[in-house]
Amino acid sequence: MEITGKILTDNVDNLPEEHKAHAKGDMIQEGWNCVTNYRHAVNGRAWILWDNMYYAITVIQEAAQYIRCHITGRHSTDALFMTVVLSGDFNALLYPQDRQYGAPVTIVELKDFSYCIHSLFLNEIPCKGDYYTWTNKQAGDDTICSRLDRTMGNDECMLQYSHVQTEYGETFFSDHAPMILNFQSRDHNIKALFRFFNVWTDHPNFMPIIEKKWRMQTNHGRIKRIWEKLKSLRPKLRHLNNAKFKGITMKIDQATIDLK
């Protein structure tokens, strides 16, 4: 399997002590760089491993629950500029099916995390691998599996890196599955996927755009007409996004600075 040009993130509760971290990192992928947050969490809850031939990573901030960093590609002009990527163990469920076995998922468990994700205008990056990313590693009736680990991106991330997938690996010594992100492997002959962002619906121009296109008349059958109308909406909605929502994270940061 091709592994160059990838970044692996993990957020776990039972990692080895700090002096063994790099040795364990070599067991996962030999020769990759590794950064952890042992200085803020005694059990090193967050790890990031990356291939130094393809990426330069600068740590900006660390805490007990996260590592914030800047990622730059070494062999291309691509950079995560104005891009927000949140990856790790959120320790929260987003959908009713996110826990297998154990107590049934309640609406109360989903409410806060769902509100947070929508308030920050984040979308989950497509993934492959096992759906459940955490297990209590118990046998029989005591087994519980949950989907706690995700990678989220803002609108710039979803538009610029639409080819990126989160690949879930084996759990190794952790009870969480590591997440592998490949930002460089892109087939330039494939058009970027169209993604719909819920925040568009709050804009006053959204419904007029939809209504205008939906009144469009064609001579095709009903299904074909619907397909053509949806297709014709893509450039209009992309224009709305670029005009009103692109760089929204930077705009929020600037507004915060101005208020101070």
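Under UniProt numbering, the sequence shown is numbered contiguously, ending at residue 260.
C-beta: ideal position from N, C-alpha, C; glycine also.
This one's a predicted model, so the numbers in the text were calculated from it and none came from an experiment.
Inspect the beta-carbon positions of residue i and residue j and report whether they are closer than 9 Å.
{"i": "Met179", "j": "Glu170", "result": "no"}
{"i": "Phe197", "j": "Met158", "result": "yes"}
{"i": "Asp155", "j": "Asn123", "result": "yes"}
{"i": "Gly153", "j": "Leu86", "result": "yes"}
{"i": "Asn182", "j": "Gln165", "result": "yes"}
{"i": "Arg74", "j": "Ala103", "result": "no"}
{"i": "Met216", "j": "Lys229", "result": "yes"}
Counting only the same chain and skipping the five closest in sequence on each side, list residues whose C-beta sits under 6 Å from that of residue i.
{"i": "Leu259", "result": "none"}
{"i": "Asn136", "result": "Ile144"}
Give the secondary structure of residue i by DSSP, where H, G and I count as helix, E and B as strand, and everything else as coil.
{"i": "Leu93", "result": "coil"}
{"i": "Val42", "result": "coil"}
{"i": "Asp130", "result": "coil"}
{"i": "Thr143", "result": "coil"}
{"i": "Phe81", "result": "Interpretation of Phe81 is limited by its pLDDT of 49, a score under 50 that renders its predicted location unreliable; the figure taken from the coordinates is listed afterwards. Three-state result, Phe81: coil."}
{"i": "Ile125", "result": "coil"}
{"i": "Asn219", "result": "coil"}
{"i": "Val59", "result": "strand"}
{"i": "Thr201", "result": "helix"}
{"i": "Asp175", "result": "coil"}
{"i": "Leu259", "result": "helix"}
Nearest CA to the CA of residue i: which residue from the options?
{"i": "Ser146", "options": "Gly221, Tyr38, Glu228 and Thr133", "result": "Thr133"}
{"i": "Met207", "options": "Glu228, Leu233, Gly221 and Asn242", "result": "Leu233"}
{"i": "Leu237", "options": "Trp227, Lys224, Lys213 and Arg225", "result": "Lys213"}
{"i": "Tyr38", "options": "Ile67, Gln165 and Ile144", "result": "Ile67"}
{"i": "Ala46", "options": "Tyr161, Ser174, Ile209 and Leu240", "result": "Ser174"}
{"i": "Asp141", "options": "Cys127, Glu109, Gln100 and Cys116", "result": "Gln100"}
{"i": "Ile209", "options": "His220, Leu240 and Leu181", "result": "Leu240"}
{"i": "Asp51", "options": "Cys34, Asn43, Val42 and Ala64", "result": "Cys34"}
{"i": "Ala64", "options": "Gly88, Thr72 and Leu181", "result": "Gly88"}
{"i": "Leu120", "options": "Phe90, Val84 and Pro235", "result": "Val84"}
{"i": "Asn242", "options": "Pro126, Arg222, Met53 and His203", "result": "His203"}
{"i": "Ser162", "options": "Arg195, Val108, Asn43 and Lys244", "result": "Arg195"}
{"i": "Phe90", "options": "Trp32, Glu109 and Arg150", "result": "Arg150"}
{"i": "Phe245", "options": "Glu211, Thr201 and Lys231", "result": "Thr201"}
Alpha helix (DSSP H) containing residue i: first to last residue?
{"i": "Met158", "result": "Asp155 to Gln160"}
{"i": "Arg225", "result": "Arg222 to Leu240"}
{"i": "Met207", "result": "Phe206 to Trp214"}
{"i": "Tyr115", "result": "Ile107 to Ser119"}
Considering just the uninterrupted stretch of the beta strand (DSSP E) at residue i, what are its terminal residues?
{"i": "Leu49", "result": "Ala46 to Trp50"}
{"i": "Glu167", "result": "Thr166 to Tyr168"}
{"i": "Arg195", "result": "Arg195 -> no beta strand (DSSP E), and no H or E assigned at all."}
{"i": "His70", "result": "Ile67 to Gly73"}
{"i": "Asn37", "result": "Unbroken run through Asn37: none, as it is neither H nor E."}
Beta-carbon within less than 7 Å of residue i's beta-carbon, same chain only, minus the 5 sequence neighbours each way: which residues are those?
{"i": "Phe81", "result": "Residue confidence is low: Phe81 scores 49 on pLDDT, short of 50, so the model does not pin down where it sits. Its coordinate-derived value is still stated next. Same-chain partners within the cutoff: there are none."}
{"i": "Glu62", "result": "Asn37, Arg39 and His40"}
{"i": "Val105", "result": "Leu93, Pro96, Asp98 and Arg99"}
{"i": "Ile60", "result": "Arg68, Cys69 and His70"}
{"i": "Thr58", "result": "Cys69 and His70"}
Sorted by chain position, which residues of the same chain lie with C-beta nearer than 8 Å to residue i's C-beta, five sequence neighbours on each side aside?
{"i": "His118", "result": "Asn198"}
{"i": "Asp130", "result": "Tyr168 and Ala177"}
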